[in-house]
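Student: Got a structure for you, written out below as structure tokens; questions coming shortly.
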Amino acid sequence: MKKAIPTHLKPFVSQQHYNAYSPIDHAVWRYVMRQNHHFLENIAHEAFTTGLKSSGIDIDNIPKVKDMNEKLSKIGWGAVIVDGLIPGSAFFDLQAHGILPIATDIRQKSNIEYTPAPDILHEAAGHAPILFNETYSKFVKLIGHIGANAFATKEEHEVFEATRELSIVMEDPSSSQSEIDAVKKKLKEKQAAVTGLSESEQISRIFWWTVEFGLIGDLQQPKIFGAGLLSSVGESKHCLSNEVEKRRFTIEDAAATSYDVTSMQTQLFVCESFEQLIEEVNHFGNTMAFRQGGTEAIEKAIASSQVAHIEYNSGLQITGLFTELLKDSDGEAIYVKTSGPSALSVQNKQLAHHGKEVHLDGFGAPIGKLLGGVQLEAQTEQSLKELGVEINQKTRITFESGVELTGHVTNLIFHQDTLILITLEECLVTYKEEVLFDPSWGTYDLAVGSQVVSARPIAADHLSYYGESIIVEEEEKAANALTLLEELYLEVRQIREATTFQESPLQSIVQNIMLECPEEWLLQLEILELLEKHNPQSPLKKVLLIQIEKLKQDERYVRLIQNGLDVIYNRRTMAK
Numbered sequence: 042m043k044k045a046i047p048t049h050l051k052p053f054v055s056q057q058h059y060n061a062y063s064p065i066d067h068a069v070w071r072y073v074m075r076q077n078h079h080f081l082e083n084i085a086h087e088a089f090t091t092g093l094k095s096s097g098i099d100i101d102n103i104p105k106v107k108d109m110n111e112k113l114s115k116i117g118w119g120a121v122i123v124d125g126l127i128p129g130s131a132f133f134d135l136q137a138h139g140i141l142p143i144a145t146d147i148r149q150k151s152n153i154e155y156t157p158a159p160d161i162l163h164e165a166a167g168h169a170p171i172l173f174n175e176t177y178s179k180f181v182k183l184i185g186h187i188g189a190n191a192f193a194t195k196e197e198h199e200v201f202e203a204t205r206e207l208s209i210v211m212e213d214p215s216s217s218q219s220e221i222d223a224v225k226k227k228l229k230e231k232q233a234a235v236t237g238l239s240e241s242e243q244i245s246r247i248f249w250w251t252v253e254f255g256l257i258g259d260l261q262q263p264k265i266f267g268a269g270l271l272s273s274v275g276e277s278k279h280c281l282s283n284e285v286e287k288r289r290f291t292i293e294d295a296a297a298t299s300y301d302v303t304s305m306q307t308q309l310f311v312c313e314s315f316e317q318l319i320e321e322v323n324h325f326g327n328t329m330a331f332r333q334g335g336t337e338a339i340e341k342a343i344a345s346s347q348v349a350h351i352e353y354n355s356g357l358q359i360t361g362l363f364t365e366l367l368k369d370s371d372g373e374a375i376y377v378k379t380s381g382p383s384a385l386s387v388q389n390k391q392l393a394h395h396g397k398e399v400h401l402d403g404f405g406a407p408i409g410k411l412l413g414g415v416q417l418e419a420q421t422e423q424s425l426k427e428l429g430v431e432i433n434q435k436t437r438i439t440f441e442s443g444v445e446l447t448g449h450v451t452n453l454i455f456h457q458d459t460l461i462l463i464t465l466e467e468c469l470v471t472y473k474e475e476v477l478f479d480p481s482w483g484t485y486d487l488a489v490g491s492q493v494v495s496a497r498p499i500a501a502d503h504l505s506y507y508g509e510s511i512i513v514e515e516e517e518k519a520a521n522a523l524t525l526l527e528e529l530y531l532e533v534r535q536i537r538e539a540t541t542f543q544e545s546p547l548q549s550i551v552q553n554i555m556l557e558c559p560e561e562w563l564l565q566l567e568i569l570e571l572l573e574k575h576n577p578q579s580p581l582k583k584v585l586l587i588q589i590e591k592l593k594q595d596e597r598y599v600r601l602i603q604n605g606l607d608v609i610y611n612r613r614t615m616a617k
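The opening position of the sequence shown corresponds to residue 42 in the numbering used here, with each subsequent residue numbered one higher.
Right, dumping it as structure tokens:
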């Protein structure tokens, strides 16, 4: 059964244009997958090796995401294509819902060992198989949930936008070098403006050192489970060498350790078990705004400069752009304000007549108990009367903080016997000498709650706040005309997939290689594999081996070729 995509995540979902993959792309996929099967059998966590079989991922061809969906549905997961960079909150939220985001691109042959950019090899071959382990699957959904609720700062959001702008400019063939340089300069300026360590940055680091580049088990002989390692031939071998420092995983160290996506790692963390990851990530989540609440949570919402929502202990939720916070002498929040369109909700459902069309110019709300320690949210209609709060009557409400309001009560709203909202006309709200709400501004809706128990970087009711997203269906792209080199790769593939082996076509293919592309090491390895399997004594095999040995003299190819030969001859030399 196809996994349902939450409405607010649909704008980030794209389509896989399968016809756009070239024969060389499929050969790159096959090379890396064969390397993984060969070398990772004894060094990867058993959850990966068993998951490779359970996932049914084809070694020889790039998978279709619809086929992956079918396999993943058996374990309560799905897969979707995402186009380019998406915000971290959306990336994490997809996984929280059991949906694996997959980038459609595949690395170039020149980056076959490692690429910092997400590609389908990384997602499908690295992430998907190990999800078949139930405990690990729970961990990924948990860190996805926590990551989706992590606040970033305004400066970090600006870095993301600049990064996305750079990727667009660099992919545009019409971009000039001066345009690219200008955007690169802008990105560096935005990166330099980032200070401190936000929730978002910390959870991104934890994700990197676990889901992407995690090791597990014994510190001296750990097993690999991180997708960045599992999908990278070079990284998977490099990571277990003495060149890489192995550190025992703690959530504090992982959150405090930065990383570099552009090069191989010099240090890695080794966790004890997937259960440890669940426990420690849960512990980290307990320190965050969405679980802690309070003054600090509101401050994180303000620092994000993005639409967020806070939730009172009454259950009332306020969605908007939080911009101001009044505090008492102890530094505790006593009044909060939003700017621009705001909305009120309960249990992530917008209250009738309290959408952003009503609260168009912002919203202000007190926080705390009334004088005498009275918690307003705990009152009944009867006890409210005793406090002087009654429909169609004037009232005065004074908070311990000194915030005071007077006005004419016109409505009381309860949710499951808990008071959440008092509506007043002719209302004046003050704090000391400051007017927080003037009667001339219209109706005042008093948000009820003595504590803010949560803050999250999303609208409480996304659909009501933003409306339905319009998704434009893309047409399937036609396959590009093949180059001569791609034609050669395709011919070799067709020979391999034929029911009977024919060596004669390989003669002309090898001749073409020697004349047109003698450095095409991957294609030569594919032909050598066929000959080794079907005719080990072939004279053509000797011709290829001579050329391959020449190519091995070039440091660019020596490791790639040696690793390919080891797979063909079933050796485990782990060339470095």
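From the three backbone atoms N, C-alpha and C, an ideal C-beta is built for every residue, glycine too.
#1: Since Phe363 sits in a beta bridge, which residues does DSSP pair it with?
#2: Out of curiosity, what's the CA-to-CA distance linking Ser442 and Leu411?
#3: Who are the Cβ neighbours of Gly334 in its own chain at under 6 angstroms, not counting the five residues just before and after it?
#4: Quick one: residues in its chain with C-beta nearer than 7 angstroms to the C-beta of Lys397, no 5 flanking neighbours on either side, listed in chain order?
#5: Could you give the distance in angstroms between the alpha-carbon of Gly414 and the alpha-carbon of Ser355?
#6: Just reading off the alpha helix (DSSP H) that Ile554 is part of, what are its end residues?
#7: Considering only the alpha carbon of each residue, which of Phe192, Thr436, Arg437 and Val235 lies closest to Ile244?
#8: Return the CA-CA distance between Glu445 and Val302, expressed in angstroms with no decimal places.
#9: Taking all protein chains shown into account, do 16 or more other C-beta atoms lie within 10 angstroms of the C-beta of Val181, making it buried, or fewer, making it exposed?
#10: For the ligand SAH, any of its heavy atoms closer than 7 angstroms to the Cβ of Glu202?
#11: Check whether the segment 471-490 touches the segment 445-462, taking contact to mean three or more Cβ pairs, one atom from each stretch, closer than 8 angstroms.
#12: Can you give the Cα-Cα distance for Leu453 and Ile463, rounded to whole angstroms?
#13: Throw me the rounded Cβ distance for the Ala13 and Pro498 pair, which I believe falls under 8 angstroms.
#14: I'd like to know if the segment 145-152 and the segment 282-300 are in contact, where contact means that at least 3 CB-CB pairs between them fall below 8 angstroms.
#15: Taking contact to mean 3 or more Cβ pairs, one atom from each stretch, closer than 8 angstroms, check whether the segment 117-128 and the segment 81-91 are in contact.
#16: Out of Ala520, Pro64, Phe89 and Ile550, which has the shortest C-alpha to C-alpha gap to Phe315?
#17: Going along the chain, which residues of its own chain have a beta-carbon closer than 8 angstroms to the beta-carbon of Thr48, five neighbours each way excluded?
#18: If you draw a straight line from the alpha carbon of Phe331 to that of Glu352, how long is it in whole angstroms?
#19: Should the segment 101-120 be regarded as contacting the segment 162-180, the criterion being three or more beta carbon pairs within less than 8 angstroms?
#20: Measuring straight from C-alpha to C-alpha, what distance separates Val69 and Lys583?
#21: Looking at the secondary structure, which residues open and close the beta strand (DSSP E) in which Gly119 lies?
#22: Could you give the distance in angstroms between the alpha-carbon of Ser346 and the alpha-carbon of Glu87?
#23: Within the segment 412-490, note down every full beta strand (DSSP E) run reaching 3 residues or more, in order along the chain.
#24: Could you check how far apart the C-beta atoms of Gln308 and Glu286 are, in whole angstroms? I think they sit under 8 angstroms.
#25: Would you call the CB atoms of Lys44 and Gly139 closer than 8 angstroms?
#26: Arg332 by DSSP, collapsed to three states: which one?
#27: If distances are taken between C-alpha atoms only, which option among Lys473, Ile161, Ser114 and Asp134 comes closest to Gln57?
#28: Please name the residue or residues paired with Cys280 in a DSSP beta bridge.
#29: Buried or exposed for Tyr530, going by 16 or more other Cβ atoms inside 10 Å?
#30: Do you know offhand how far Met615's Cα is from Leu566's?
#31: Consult DSSP for Met615 and reduce its assignment to one of helix, strand or coil.
#32: How far does the beta strand (DSSP E) with Leu141 in it reach, from first residue to last?
#33: Around the C-beta of Glu560, are 16 or more other C-beta atoms found within 10 angstroms, so that it is buried, or is it exposed?
#34: Check whether the Cβ atoms of Leu563 and Tyr72 lie closer than 8 angstroms to each other.
#35: Kindly indicate the opening and closing residues of the alpha helix (DSSP H) around Leu525.
#36: By Cβ distance, which residues of its chain are closer than 6 angstroms to Cys312, with the 5 residues on each side in sequence left out?
Tutor: The short version:
#1: Thr379
#2: 8 angstroms
#3: Val493, Val494 and Ser495
#4: Pro382, Ser383, Ala384 and Tyr506
#5: 16 angstroms
#6: Ser545 to Glu557
#7: Phe192
#8: 53 angstroms
#9: buried
#10: As for the ligand SAH, it is missing from this structure, which has no ligand bound.
#11: yes
#12: 5 angstroms
#13: Any answer about residue 13 is impossible in this case: the structure gives the chain only from 42 up to 617.
#14: no
#15: no
#16: Phe89
#17: His503, Leu504, Glu509 and Ser510
#18: 9 angstroms
#19: yes
#20: 24 angstroms
#21: Gly119 to Val123
#22: 44 angstroms
#23: 435-439, 444-456, 459-472, 475-478 and 485-488
#24: 4 angstroms
#25: yes
#26: helix
#27: Ile161
#28: Cys280 pairs with nothing; no bridge assigned.
#29: buried
#30: Here the model assigns Met615 a pLDDT of 47, short of 50, so the residue's position is not dependable, and the following value carries that caveat. Using only the alpha carbons, I get a separation of about 17 angstroms.
#31: Any answer about Met615 is weak, because its pLDDT of 47 lies below 50 and its placement is not dependable; what the coordinates show is given next. Met615: coil per DSSP, three-state reduction.
#32: Ile140 to Ala144
#33: exposed
#34: yes
#35: Leu525 to Glu538
#36: Ile257, Phe290 and Leu318
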